[in-house]
Amino acid sequence: MAMRVLREPDALPASDLVLRKIVAGPEADRSCSAQAVEAALERCRPYRAYAAVRLWSIASAANGSWNRQAAS
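Right, here's the structure in full:
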């Protein structure tokens, strides 16, 4: 909400499942914690919202292939 409505460039939905799976990596059998997402994207501060949008875009383009790989 803060990302779009308030246009907050550092808003980070760290509990987002897609971000948690991306940060955990394709070999992980489960998603990581919200704290791990925050730590991983700390270097993107103060533009973590833009980083999140980019990661969602990459995930969408990949069609969730990391999930299929991890499930195999």
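Going by my numbering, the first residue of the sequence shown is number 607, and it counts up by one from there.
Backbone N, C-alpha and C define an ideal beta-carbon position, used for all residues, glycine too.
How would you write the range of the alpha helix (DSSP H) that residue i sits in, first residue to last?
{"i": "residue 654", "result": "654-668"}
{"i": "residue 630", "result": "623-630"}
{"i": "residue 640", "result": "640-646"}
With 16 as the cutoff for other CB atoms within 10 Å, does residue i come out buried or exposed?
{"i": "residue 623", "result": "exposed"}
{"i": "residue 643", "result": "buried"}
{"i": "residue 668", "result": "exposed"}
{"i": "residue 664", "result": "exposed"}
{"i": "residue 629", "result": "buried"}
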